[in-house]
Amino acid sequence: MNKTIRRASVFALLLVFALLLRATWVQFFEGQALADDKKNRRNAILTYAEPLGNIIVGGKAITGSAVTTGGDLRYKRTYTNSELYAAVTGYASQSYAPTQLEGIYADLLNGTDIRLKTALDTVTGRRADPGDVLTTIDPAVQKAAYDALGDKKGAAVAIDPATGRILAVVSTPSYDPSSLTDANTAGTAWKKLNADSDKPLTNRALRQPLAPGSTFKLVVAAAALEDGLYSSVDEKTDSPTPYTLPGTRTPLRNENTSAPCEDATIRVALQYSCNTVFGHMAVQLGQDKLKATADKFGFDDESQDVPVRAYPSVYPSGMDASSTALTGIGQFDVTATPLQMAMVSAAIANGGKLVSPHMVAQITDGGGDVLEDYDDKASATQVVSASTAEQLQSAMQTVVEKGTGTNALIDGVTVGGKTGTAQNGENNSKAPYAWFTSYGKSGSSGKEVAVAVVVEQSDAARSEVSGNGLAAPVAKAMMQAALKR
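Take 1104 as the starting number for the sequence shown in this note's numbering and just add one per residue.
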């Protein structure tokens, strides 16, 4: 054989061998990675080849699937009362990664979850029938919160203290998840939503911690009682008025200058929301003890899954005494989500025991059989003693009956609450946040609910922004719906 031809043949064989080696490598070692790649169009085609499973609220599906017109994706996701439930469902989009429950349970809802496969499915390679997600959301409570918030920018959460079931998760302004489901229109909707300064895609209920203001005084009071700094909510405190922040000449004053805050009891201090009492109390306790109590209620938990991952609420560390005083009134670098403040009220209402909050009760397979029951898995932690919880319940009732939270009163219901008006911006240059957290217990049915509401912005004049004026009416509507009164 000609030497040149021989060399060319060997070279050609080497090329063929290299191609076979590469094909083998791709098929056996990179195949799964390529199959799972988000840019692989086949995944989207497979996901939307059949109707998706559904998210259930109150026994009814609030999601669905509709046949598309044109394109290679046969179905698209649809929503019922889409803006009402957007903070719960999130969206399943042909163009963008799914969010909220749609994202967490994507495999279950599209039928690729391995738990859905039967033996026959495994043999034939058939896609399993999709499963469903059964939420704990109470449609009446959800609607009450959404309607009461109206055009205000804010959020609300309701929890059953005894079970940890989340009854409502509302964030306003909301958005229509249906606008993001179709690949033909999703891009335009996505740009519009992200350009909106009100940030409708942000889940304010779970994922936007803000300064909690005076609602955090409940945590400070709990720490003082648990530590033994004060034995009772009716024991007089050591509280000068005004109180000069340690190491400074800056006085910490009370919003109501005529309030009886000097050496006030915890009950009176909560009733009138005395800054001086809780600022001084925070310094007396020290940041370490305050942080320990806050963390028991759920602060600083970076793995708070409900099952949506909630942003951690924060009690800071490494402060000087003056900053510690400001944390006592829910300012400085203290932040909390409405979920977190609802957890505080839930634990107090439940005898000091915090049951892990969750908004999914069960997930089921295509035949309705339960794959996982989250109600059964809910755990409980004794945050404060039953005695401390009982005293705080009594003091919170005083706040509603004759203090700063009277707008939450409900006939025939025992209501305890705490208002908050948190400063916002440098030197309080922006509109304050209006907070209210509370619990309600029905005298006739024995039902209980704990709620938290924050209003970031409304049409109210700055002088009229208060927890009682803006947030308490929302909480009242939610408690009435939950207790069916």
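Glycine included, each C-beta is placed from N, C-alpha and C at the ideal position.
On a predicted model such as this, the values are computed, not experimentally measured, just so you know.
Inter-residue spacing [alpha-carbon to alpha-carbon] between residue 1111 and residue 1121: 15 Å
Check whether the Cβ atoms of residue 1204 and residue 1192 sit closer than 8 Å, and answer yes or no. yes
Excluding the 5 residues preceding and the 5 following residue 1159 in the sequence, name in chain order all residues of the same chain whose CB lies nearer than 8 Å to its CB. 1165, 1235, 1236, 1237 and 1238
Contact check, residue 1305 vs residue 1274 under 8 Å by CB: the rounded distance? 7 Å
What is the DSSP secondary structure of residue 1477, reduced to helix, strand or coil? helix
Taking the CB atoms as reference points, tell me whether residue 1454 and residue 1492 lie closer together than 8 Å. yes
Which residues mark the beginning and the end of the beta strand (DSSP E) in which residue 1299 is found? Residue 1299 -> no beta strand (DSSP E), and no H or E assigned at all.
In three-state terms, what does DSSP make of residue 1400? helix
Take the Cβ of residue 1137 as the centre, count every other Cβ of all protein chains shown within 10 Å, and call the residue buried at 16 or more, exposed below. Here the model assigns residue 1137 a pLDDT of 44, short of 50, so the residue's position is not dependable, and the following value carries that caveat. That one is exposed.
Buried or exposed, going by whether 16 or more other CB atoms sit within 10 Å of the CB of residue 1108? exposed
Looking at C-alpha atoms only, which residue of 1526, 1511 and 1176 is the closest neighbour of residue 1284? 1176
Who are the near neighbours of residue 1413 in its chain, counting only those whose CB is closer than 7 Å to its CB and skipping five residues on each side? 1309, 1310, 1407, 1440 and 1442
Suppose you measure from the CA of residue 1582 to the CA of residue 1360; what does that come to, to the nearest Å? 32 Å
Ordered list of beta strand (DSSP E) runs contained in the segment 1184-1254, each at least 3 residues: 1235-1238
Assumed close pair residue 1258, residue 1271 - CB separation to whole angstroms, cut-off 8 Å: The Cβ separation is near 10 Å, so there is no contact.
Label residue 1510 either buried or exposed according to how many other C-beta atoms from any shown protein chain fall within 10 Å of its C-beta, with 16 as the threshold for buried. buried
Buried or exposed by the 16-neighbour rule on C-beta atoms within 10 Å, applied to residue 1179: buried
Going by DSSP in three states, residue 1465 sits in which element: helix, strand or coil? strand
Mind checking which residues open and close the beta strand (DSSP E) that includes residue 1457? 1456-1458
For the structure I just gave you, are there three or more beta carbon pairs, one from the segment 1415-1432 and one from the segment 1347-1356, closer than 8 Å? yes
Cβ contact check for the segment 1480-1491 and the segment 1295-1302: 3 or more pairs under 8 Å: no
Flag this pair as yes or no: are the beta carbons of residue 1517 and residue 1537 separated by less than 8 Å? no
State the CB to CB distance for the pair residue 1519 and residue 1541, rounded to an integer number of angstroms; the pair is presumed to be in contact (CB under 8 Å). 6 Å
Tell me the DSSP secondary structure of residue 1134 in three-state form. At residue 1134, the pLDDT of 49 sits below 50, so the modelled position is not reliable and the matter cannot be decided from this model.
Using the Cβ count rule (16 or more neighbours within 10 Å means buried), how would you classify residue 1335? exposed
C-beta atoms of residue 1332 and residue 1374 nearer than 8 Å: no
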